[in-house]
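Heads up: the sequence shown at position 93 corresponds to 93 in the working numbering, and the numbers run straight through without jumps.
No residue lacks a Cβ here, since even glycine has one placed at the ideal position from N, Cα and C.
These numbers come from a predicted model, not from an experiment.
Data block below; observations after.
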Amino acid sequence: MKLKKKLLLALVGTAATAMFSGASAQTVRIANQGDALSLDPHSLNESLQLSIDGNAYEPLVDLDKKLNVIPGLATGWKQTSPTVWRFDLRKNVKFHDGTPFTADDVVFTMARIAGEGSDMKSYSNDFKEVRKIDSHTIEIETKTPLAILPQVLTQVMIMSKKWCEDNNATRPVDRRKGIENTASFKTNGTGPYHVRERQPGVRTVFARNPNYWGKVEGNVQQVIFTPIAAPTTRVAALLSGEIDVMEPVPVQDIARVNANSSTRAITGPELRTIFLGMDQKRDELLFSSVKGKNPFKDKRVRQAFYQAIDIEAIKKTVMRDASRPTALMVGPGINGWNAEQDKRLGYDVEAAKKLMADAGYGSGFEVTMNCPNDRYVNDAQICQAVAANLARINVKINLQAETKGTYFPKILRRDTSFYMLGWTPSTYDAHNALNALMRCPDDKTGAGQFNLGSYCNAKLDDLTVKIGAETDKAKRDAMIKEAFQIHSEEIGHLPLHQQSLAWGVNKKIEITQRADNYMPFKWITVKTK
1 MKLKKKLLLA LVGTAATAMF SGASAQTVRI ANQGDALSLD PHSLNESLQL
51 SIDGNAYEPL VDLDKKLNVI PGLATGWKQT SPTVWRFDLR KNVKFHDGTP
101 FTADDVVFTM ARIAGEGSDM KSYSNDFKEV RKIDSHTIEI ETKTPLAILP
151 QVLTQVMIMS KKWCEDNNAT RPVDRRKGIE NTASFKTNGT GPYHVRERQP
201 GVRTVFARNP NYWGKVEGNV QQVIFTPIAA PTTRVAALLS GEIDVMEPVP
251 VQDIARVNAN SSTRAITGPE LRTIFLGMDQ KRDELLFSSV KGKNPFKDKR
301 VRQAFYQAID IEAIKKTVMR DASRPTALMV GPGINGWNAE QDKRLGYDVE
351 AAKKLMADAG YGSGFEVTMN CPNDRYVNDA QICQAVAANL ARINVKINLQ
401 AETKGTYFPK ILRRDTSFYM LGWTPSTYDA HNALNALMRC PDDKTGAGQF
451 NLGSYCNAKL DDLTVKIGAE TDKAKRDAMI KEAFQIHSEE IGHLPLHQQS
501 LAWGVNKKIE ITQRADNYMP FKWITVKTK
């Protein structure tokens, strides 16, 4: 199968560019179904973007291969009072441009993520003050005790204050408005790689940082990242040797990748939960045949949608058994998940029809459903299956599936009535999902920043704040359980499943697959023999 012209262009020159560090240079070619929408690490709180940008930028607190918290740009931390954490910063670290890393950069970064245009506000909504103690010591004071602050910081990438000021990039790129600046296309972090070339949607070339402060376990000197949207083209590129790593492998092609003599599929559970959200705030939906009222404000309609979705059929036919149906917004592996609550309402079309009739919508209605077609595993196909399911209760879905480049800016503006989203709690704790997905949205603090349908319950909000402060595990887990019970009973969202990871890898590549689907380049090795 011939590769698309864009792919060929993206791979042209690989041999020549690999020569920059001599004959020993190792290049790895990675393809994904989508691209990072920006190189600004604060512009979009999306796993793929954070994974890619995280090779150039680093947080104070990092994660190892097993997702355990380890020192990053901070060598240590401690609570000096219930609401104050002190961080000792790593010395003799420089940004890619040679500027020394200091406390000023941390204070600047924490203000940047809390400011206008940031998609990372939810990480700082509990902060009261971030202050410099000396050149390599900072304190973060929170509004209430926050026992999981180190975990929260694992997704906050530190940027250079001087570089941002010199390049008019003191504010993050606002993906909702399409605004871009220097940080959109260039990187200046402290990480093991820097961006040598950026062609959005075509390819991004990373080169090894020769002055990196830390250990690089792998031997990769250059990474060529290429977005290839078409699954068949992506698989063909792997099988032919044009690329070395790809993800995701379509579930129907896993056996084919494993059968090829030079490739293998690496599979495993992912912590991401895929769910559907509904606009529960507007008095009239933006995109619906119902005028003068909002059917999603009625729990009976939300429950009817839930019970009309045949999740087991989606698992079998769409996901080829590479998914785990869920009743909760988090899955196994996330602190606070419990099997007792993770039991879905039964699939029951007749019960769903009765709920619709009782709510006054026995004859159904039309509504637009927004979905990406290049972000999650079989995302568009899942939405097509949901649309077919809902047709059985007389709901006509006008499906609008599009590339994530236009999809995310749209739904993040809440320009939607019914949408799909996937979420991996970055702290690997239920508090993250509660705070970002289920709290009442507050644009000033960032609470509920990704609660795009504006589900709201004051009791759940109160519990979420208390969960963040509680250090007693038994009490904390009990509050998490209560919050999940409230959300489940109200059908705040429509949880679908946790998808499985599937990466295609050339057998000459050694790579680490984390359950959060991040791919640090520093752990990749190209075998030379």
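Item                                                                                                                                                                       : Value
Which same chain residues end up closer than 8 Å to Phe-521 when comparing Cβ atoms and leaving out the 5 residues on each side of it in sequence?                         : Val-28, Asn-55, Pro-192, Tyr-193, Phe-206, Gly-218, Val-220, Val-223
Name the DSSP beta bridge partners of Gly-422, please?                                                                                                                     : Ile-274
Express the C-alpha separation of Glu-366 and Gly-336 in angstroms, rounding to a whole number.                                                                            : 37 Å
Ends of the alpha helix (DSSP H) at Arg-234?                                                                                                                               : 231-240
Which of the three DSSP states, helix, strand or coil, is assigned to Phe-612?                                                                                             : Nothing about residue 612 can be read from this structure; the chain reaches only from 1 to 529.
Name the two residues that bound the continuous alpha helix (DSSP H) containing Tyr-212.                                                                                   : Here Tyr-212 belongs to no alpha helix (DSSP H), and DSSP marks it neither H nor E.
Check the C-beta distance from Ser-122 over to Ala-447 and give it rounded, since I have them as a contact under 8 Å.                                                      : 7 Å
What is the DSSP secondary structure of Lys-65, reduced to helix, strand or coil?                                                                                          : coil
Report the residue from Asn-432, Leu-452, Glu-165, Lys-354 whose alpha carbon sits nearest the alpha carbon of Leu-146.                                                    : Asn-432
Could you tell me which residues DSSP pairs with Val-526 in its beta bridges?                                                                                              : Ile-509
Can you list, in chain order, the residues of its chain with a C-beta nearer than 7 Å to that of Arg-324? Leave out the 5 residues immediately preceding and following it. : Gly-331, His-497, Gln-498
Could you tell me the alpha carbon to alpha carbon distance between Ile-509 and Glu-242, rounded to whole angstroms?                                                       : 14 Å
By how many angstroms is the C-alpha of Ala-388 removed from the C-alpha of Val-61?                                                                                        : 45 Å
Considering Cα atoms alone, identify which of Val-249, Asp-253, Asn-260, Phe-225 is closest to Ser-240.                                                                    : Asn-260
Within 10 Å of its beta-carbon, does Leu-494 have 16 or more other beta-carbons around it, so buried, or fewer, so exposed?                                                : buried
Across which residues does DSSP place Ser-288 in a beta bridge pair?                                                                                                       : Val-367
Distance check for Leu-238 and Asp-321, CA to CA, integer angstroms please.                                                                                                : 23 Å
Going by DSSP, what residues sit across from Pro-227 in a beta bridge?                                                                                                     : Asn-32
Could you give the distance in angstroms between the alpha-carbon of Arg-300 and the alpha-carbon of Tyr-347?                                                              : 15 Å
Need the endpoints of the alpha helix (DSSP H) that Leu-390 sits in, please.                                                                                               : 379-391
If you run the structure through DSSP and keep just helix, strand and coil, what is Leu-434?                                                                               : helix
Using the C-alpha atoms, what's the distance from Leu-421 back to Phe-275?                                                                                                 : 6 Å
Shorter than 6 Å, the distance from the beta carbon of Gln-155 to the closest heavy atom of the ligand ZN, or not?                                                         : The ligand ZN is not part of the structure shown, which contains no ligands of any sort.
If the criterion is Cβ atoms closer than 7 Å, does the pair Ile-140 and Thr-427 meet it?                                                                                   : no
Kindly identify the DSSP beta-bridge partner or partners of Pro-565.                                                                                                       : The chain is shown from 1 up to 529; residue 565 falls before or after that span and cannot be answered.
How many angstroms separate the CA atom of Leu-271 from the CA atom of Thr-99?                                                                                             : 36 Å
Tell me the DSSP secondary structure of Ile-138 in three-state form.                                                                                                       : strand
Quick one: what's Ile-531 bridged to in DSSP?                                                                                                                              : The shown model of the chain, from 1 to 529, leaves out residue 531, and the question about it has no answer.
Skipping 5 residues on each side, what residues in its chain have a beta carbon closer than 6 Å to that of Val-395?                                                        : Gly-364
Would you mind working out which of Val-257, Asp-53, Lys-143 sits nearest Gly-468, comparing C-alpha positions?                                                            : Lys-143
Using the C-alpha atoms, what's the distance from Thr-182 back to Asn-167?                                                                                                 : 6 Å
Take Met-159 and list the residues in its own chain whose beta-carbon comes closer than 6 Å to its own, dropping the five residues that flank it on each side.             : Thr-109
If we count the other Cβ atoms within 10 Å of its Cβ and call it buried at 16 or more, is Gln-252 buried or exposed?                                                       : exposed
Are there 16 or more other CB atoms within 10 angstroms of the CB of Asp-97, so buried, or fewer, so exposed?                                                              : exposed
Less than 8 Å between the CB atoms is what I'm expecting for Gln-505 and Arg-264, so what's the real figure, rounded?                                                      : The question names Gln, but residue 505 is Val in the sequence shown. The Cβ separation is near 6 Å, so the contact holds.
To the nearest angstrom, how far is it from the Cα of Ser-135 to the Cα of Asp-104?                                                                                        : 7 Å
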